[in-house]
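Here is the structure we will look at.
There are 2 protein chains.
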Amino acid sequence: MDIAAANRECLERMQKAMPLLVDLQLASEVVPGMHDHLVLHSGPPLSWDRMCGPLRGAIIGACLFERWAATPEEATALAARGGLQFEPCHHHRAVGPMAGIITRSMQVFVVRNERFGNEAYATINMGLGKVLRMGAYDNSVIERLHWMNGEFAEILRDAIQRSGGLDVKNVLAQALQMGDEAHNRYKAATSLFVRTLAPKIAMSKFGDVERALAFAGASDSFFLNIGMASCKATLDAASGIPGATLVTALARNGTEFGIRVSGLGERWFTSPAPKIEGVYFPGYGPDDANPDIGDSAITETAGLGAFAMAAAPAIVQLVGGSIELAREITERMYEITAGEHEAFRIPALGFRGTPVGIDVRKVVRTGIEPVIDTGIAHREAGIGQIGAGLTSAPLDCFVQAVKALAEWKAAERSTGSARPL
Amino acid sequence: MDIAAANRECLERMQKAMPLLVDLQLASEVVPGMHDHLVLHSGPPLSWDRMCGPLRGAIIGACLFERWAATPEEATALAARGGLQFEPCHHHRAVGPMAGIITRSMQVFVVRNERFGNEAYATINMGLGKVLRMGAYDNSVIERLHWMNGEFAEILRDAIQRSGGLDVKNVLAQALQMGDEAHNRYKAATSLFVRTLAPKIAMSKFGDVERALAFAGASDSFFLNIGMASCKATLDAASGIPGATLVTALARNGTEFGIRVSGLGERWFTSPAPKIEGVYFPGYGPDDANPDIGDSAITETAGLGAFAMAAAPAIVQLVGGSIELAREITERMYEITAGEHEAFRIPALGFRGTPVGIDVRKVVRTGIEPVIDTGIAHREAGIGQIGAGLTSAPLDCFVQAVKALAEWKAAERSTGSARPL
Numbered sequence: 001m002d003i004a005a006a007n008r009e010c011l012e013r014m015q016k017a018m019p020l021l022v023d024l025q026l027a028s029e030v031v032p033g034m035h036d037h038l039v040l041h042s043g044p045p046l047s048w049d050r051m052c053g054p055l056r057g058a059i060i061g062a063c064l065f066e067r068w069a070a071t072p073e074e075a076t077a078l079a080a081r082g083g084l085q086f087e088p089c090h091h092h093r094a095v096g097p098m099a100g101i102i103t104r105s106m107q108v109f110v111v112r113n114e115r116f117g118n119e120a121y122a123t124i125n126m127g128l129g130k131v132l133r134m135g136a137y138d139n140s141v142i143e144r145l146h147w148m149n150g151e152f153a154e155i156l157r158d159a160i161q162r163s164g165g166l167d168v169k170n171v172l173a174q175a176l177q178m179g180d181e182a183h184n185r186y187k188a189a190t191s192l193f194v195r196t197l198a199p200k201i202a203m204s205k206f207g208d209v210e211r212a213l214a215f216a217g218a219s220d221s222f223f224l225n226i227g228m229a230s231c232k233a234t235l236d237a238a239s240g241i242p243g244a245t246l247v248t249a250l251a252r253n254g255t256e257f258g259i260r261v262s263g264l265g266e267r268w269f270t271s272p273a274p275k276i277e278g279v280y281f282p283g284y285g286p287d288d289a290n291p292d293i294g295d296s297a298i299t300e301t302a303g304l305g306a307f308a309m310a311a312a313p314a315i316v317q318l319v320g321g322s323i324e325l326a327r328e329i330t331e332r333m334y335e336i337t338a339g340e341h342e343a344f345r346i347p348a349l350g351f352r353g354t355p356v357g358i359d360v361r362k363v364v365r366t367g368i369e370p371v372i373d374t375g376i377a378h379r380e381a382g383i384g385q386i387g388a389g390l391t392s393a394p395l396d397c398f399v400q401a402v403k404a405l406a407e408w409k410a411a412e413r414s415t416g417s418a419r420p421l
Numbered sequence: 422m423d424i425a426a427a428n429r430e431c432l433e434r435m436q437k438a439m440p441l442l443v444d445l446q447l448a449s450e451v452v453p454g455m456h457d458h459l460v461l462h463s464g465p466p467l468s469w470d471r472m473c474g475p476l477r478g479a480i481i482g483a484c485l486f487e488r489w490a491a492t493p494e495e496a497t498a499l500a501a502r503g504g505l506q507f508e509p510c511h512h513h514r515a516v517g518p519m520a521g522i523i524t525r526s527m528q529v530f531v532v533r534n535e536r537f538g539n540e541a542y543a544t545i546n547m548g549l550g551k552v553l554r555m556g557a558y559d560n561s562v563i564e565r566l567h568w569m570n571g572e573f574a575e576i577l578r579d580a581i582q583r584s585g586g587l588d589v590k591n592v593l594a595q596a597l598q599m600g601d602e603a604h605n606r607y608k609a610a611t612s613l614f615v616r617t618l619a620p621k622i623a624m625s626k627f628g629d630v631e632r633a634l635a636f637a638g639a640s641d642s643f644f645l646n647i648g649m650a651s652c653k654a655t656l657d658a659a660s661g662i663p664g665a666t667l668v669t670a671l672a673r674n675g676t677e678f679g680i681r682v683s684g685l686g687e688r689w690f691t692s693p694a695p696k697i698e699g700v701y702f703p704g705y706g707p708d709d710a711n712p713d714i715g716d717s718a719i720t721e722t723a724g725l726g727a728f729a730m731a732a733a734p735a736i737v738q739l740v741g742g743s744i745e746l747a748r749e750i751t752e753r754m755y756e757i758t759a760g761e762h763e764a765f766r767i768p769a770l771g772f773r774g775t776p777v778g779i780d781v782r783k784v785v786r787t788g789i790e791p792v793i794d795t796g797i798a799h800r801e802a803g804i805g806q807i808g809a810g811l812t813s814a815p816l817d818c819f820v821q822a823v824k825a826l827a828e829w830k831a832a833e834r835s836t837g838s839a840r841p842l
């Protein structure tokens, strides 16, 4: 298969995905390979000694939640002496925002790509303020983790199961008509989600439904994790197509930025995680900021987030720009993508589909880096979010990927057939 | 007070309104002057013999609901022999979409303008399909009216009361950032409403909360009536300012279009109701359409609806236009208004405030008629909605109003003081 045909197939799979939210289950029950003392994190693989503050903070929180340690000091010592195993979420069909931590006792949304049969997973979003994903781990965080993954999950699971499956792609498509870009802004999607599931949640016999509905509606970010799992389920089905030069993951662990390319399978191409240009909460500034972190750039990879920025003029206020900037970002992304999304459309651009299918060759040829809009975590463990802003995927990752594709192509020519990478 | 000062005061009152949804009560308990066999309808005053099909249909439905008649024929005979009293909603601090019928046993939302102390009322929106406001009155309509105004109202009242009051202006302002123009499109506002009240509704002990939440979220138009009552509460507080030339009501009864002007108090200036340019449901066309009907143009009067069209590009698809048309309509309305709304802002126009405060003098001087986007009812009783489209307030109403203002001004000069009109 030549590159053009491979990319057509790859883009077609991205377009035709049918991600449905079908369940909420214990990670130990559904996430492949999940076991005791395994910690999944965002971005490409990374050892404890190279991990940034917020990632370490979130791991400390997970140890306290799992009762693998009784204090932050014990958790740190456990990690330092090799008592935990670390692997990327992406290696387990999962994604997580910011630190992205998933351990066995956490509940994960199950999003099934009905068209291609594959599943993807993400934890329940904790909301704003002191949250695990930003590296906070104080008592309030641990208590919320227990309630969220206990009573709240029982109620929500029951509602999701009785709903017969929620069409996530449809919710995202509607949300783009309602001012969300589906990465930093999930106000419409969260509202539509609560509106849809509220009747089922209200009838639950599993706990405090008033608290459950208030929690699901308390933060606009509630739908973020579901959206991310939907993008992961979409892109996994477009992975592993020999010769395809389209990106299937953009992911950061706070130390490194990594990309994956369809034709190159599960291989990572990494570069140091970039800084974020953004707006800070009062009392914080660029010196406090951790470099870019999280699997949430899976949304940009799927044609959402900064790629759909023109749909969400309100978001540019949050990250410090003008509405012209929002439109300019989306328009620039058409130059590095293979197509326009059939379902995700932008009213302000005359309902043009969002740019989708980042082609590593176009990125290298134009020098245009994929833009990402994202939250900013404090660089130290235990503090949390300090702002929001814009960054971009480092060109170097794409240069490496193009080189690897060229090597693969050369090998294919010499052997007369594709070889596994 | 000169006209400029009067208009500044009038606009200031529109800007500073603080409409809160505080209650849901029986019309007979809260609507001033409500009594047995009184039927409130949309638009300016009108006798039975001049009423259009959908208005008659809705009145028939109200008679069946109130058990003033056992059959449509009995209801028609009752109306024809003078057994019912007809008055505009607007004469009773109320508004209603389309036919706008309010009778004593209907529940009405109570919206209190906290800044000025006045209240306004609107019934519960029935959703889409066969609904009273469109002139339908079959058994399904009457049954739904009984449930809505019975069990559902008990649940919703309890939730509203326990919420401590919902800031309607804030919901509308958010909705304009989410693709609503707050007349024909209330998808975001309805979603935000359900999201906000769901925890309270879920805890109700007054009935089937699953059905209640499903009903509130079933139709995007649920928030329409609350939005209209909010606009009425806003504009009533801006009425009756001597010399003010700003419009305080645009309202249609399906036969006549009427306007009210602040400085001219409760007087109506009327003209035949215009046709609507629009898109029809399959099987229907312009010949089936009733002329413009409903109090819902109170939204345009308050700087929403077609005046905020640039915020809702998706709505122009519904009514058959392009996104350029949406922007063009809003921009044209700045030419006939006194100011820009401080709270209602349009992302696509760089967060510019919507045009607000229709000045009858500017309408007459420019010849630009206020644009209204609206639903289309079938011209016969009993059928219902057949489409949606755009129309405009007839210039003639504004010409009459300017003439009346000139007469008032002349009288003021000759007597040296303002006189009541």
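Residue numbers (our numbering), protein chains in the order written: chain R, 1 to 421; chain B, 422 to 842.
Ideal placement from N, C-alpha and C gives every residue a C-beta, glycine not left out.
Interface residues of chain R facing residue i [CB-CB closer than 9 Å]
{"i": "Ile845 (chain B)", "result": "Nothing in the structure corresponds to residue 845 (chain B), since chain B is present only between 422 and 842."}
{"i": "Lys608 (chain B)", "result": "Gln174, Gln177, Met178, Ala188, Leu192"}
Helix, strand or coil at residue i according to DSSP, with G and I counted as helix
{"i": "Ala411 (chain R)", "result": "helix"}
{"i": "Asp236 (chain R)", "result": "helix"}
{"i": "Leu432 (chain B)", "result": "helix"}
{"i": "Val740 (chain B)", "result": "coil"}
{"i": "Gly311 (chain R)", "result": "Per the sequence shown, the amino acid found at residue 311 (chain R) is Ala instead of Gly. Helix at Ala311 (chain R)."}
{"i": "Tyr137 (chain R)", "result": "coil"}
{"i": "Val131 (chain R)", "result": "coil"}
{"i": "Ile576 (chain B)", "result": "helix"}
{"i": "Ile767 (chain B)", "result": "strand"}
{"i": "Tyr755 (chain B)", "result": "helix"}
{"i": "Gly217 (chain R)", "result": "helix"}
{"i": "Gly57 (chain R)", "result": "helix"}
{"i": "Ile376 (chain R)", "result": "strand"}
{"i": "Pro420 (chain R)", "result": "Since pLDDT at Pro420 (chain R) reaches only 48, below the 50 mark, its modelled position is unreliable, and no value is offered."}
{"i": "Asp208 (chain R)", "result": "coil"}
For residue j and residue i, believed in contact at Cβ under 8 Å, the rounded distance
{"i": "Ile744 (chain B)", "j": "Ala202 (chain R)", "result": "Not a contact, Cβ separation roughly 38 Å."}
{"i": "Val111 (chain R)", "j": "Val168 (chain R)", "result": "6 Å"}
{"i": "Pro466 (chain B)", "j": "Glu508 (chain B)", "result": "7 Å"}
{"i": "Ser230 (chain R)", "j": "Ser262 (chain R)", "result": "That belief does not hold up - the Cβ atoms of Ser230 (chain R) and Ser262 (chain R) are roughly 18 Å apart, past 8 Å."}
{"i": "Gly387 (chain R)", "j": "Val279 (chain R)", "result": "6 Å"}
{"i": "Ala814 (chain B)", "j": "Asp780 (chain B)", "result": "With a Cβ gap of about 13 Å, Ala814 (chain B) and Asp780 (chain B) do not count as contacting."}
{"i": "Cys397 (chain R)", "j": "Thr270 (chain R)", "result": "6 Å"}
Within chain R, partners of residue i - CB distance below 7 Å
{"i": "Gln582 (chain B)", "result": "By Cβ distance, chain R contributes nothing, its closest Cβ being about 15 Å from Gln582 (chain B), past 7 Å."}
Residue i: contacting residues in chain B (beta-carbon distance under 9 Å)
{"i": "Ile201 (chain R)", "result": "Ala619, Ala623, Leu634"}
Proximal residues of chain B, C-beta to C-beta of residue i below 7 Å
{"i": "Leu192 (chain R)", "result": "Ser612"}
{"i": "Arg195 (chain R)", "result": "Ser612, Val615, Arg616, Gly638"}
{"i": "Met126 (chain R)", "result": "Per Cβ cutoff of 7 Å: no residues; Met126 (chain R) is ~18 Å from chain B at best."}
{"i": "Gln177 (chain R)", "result": "Gly600, Ala735"}
Partners in chain B for residue i, counting only beta-carbon separations shorter than 8 Å
{"i": "Met34 (chain R)", "result": "Within chain B, no residue comes near Met34 (chain R); the closest Cβ sits about 33 Å away, beyond 8 Å."}
Fill in: Segment contact, 8 Å Cβ cut-off, at least three pairs: the region 503-521 of chain B with the region 766-784 of chain B
no
Discussion item. Please list, in chain order, the residues of the region 311-331 of chain R that have any C-beta partner in chain B closer than 7 Å.
Written reply: Within the region 311-331 of chain R, the residues whose Cβ lies closer than 7 Å to some Cβ of chain B are Pro313, Ala314, Ile323, listed in chain order.
Worksheet entry | the region 300-313 of chain R in contact with the region 183-191 of chain R per 3-pair CB rule at 8 Å | yes
Item to complete: Check distances from the C-beta atoms of the region 631-658 of chain B to those of chain R and list, in chain order, the residues that come in under 7 Å.
Response: Glu631, Leu634, Ala635, Gly638
Worksheet item: Do the region 53-65 of chain R and the region 118-127 of chain R touch if we need at least three Cβ pairs shorter than 8 Å?
Response: no
Worksheet entry | Residues, ordered as in the chain, of the region 391-412 of chain R that lie near chain B by beta-carbon distance below 7 Å | none
Practice prompt. Count the CB pairs spanning the region 497-512 of chain B and the region 456-475 of chain B that are closer than 8 Å, and state whether there are at least three.
Written response: Because the criterion of three Cβ pairs below 8 Å is met, the region 497-512 of chain B and the region 456-475 of chain B touch.
Discussion item. By the 8 Å beta-carbon criterion, what residues does the region 769-782 of chain B contribute toward chain R?
Written reply: Ala769, Gly771, Phe772
Worksheet entry | At least 3 beta-carbon pairs within less than 8 Å: the region 439-446 of chain B vs the region 762-770 of chain B | Too few Cβ pairs lie closer than 8 Å, so no.
Worksheet item: Is there contact here, the region 213-223 of chain R with the region 10-17 of chain R, by at least three beta-carbon pairs under 8 Å?
Response: no
Item to complete: Taking 8 Å as the threshold, find out whether the region 799-817 of chain B comes into contact with the region 467-475 of chain B through three or more Cβ pairs.
Response: yes
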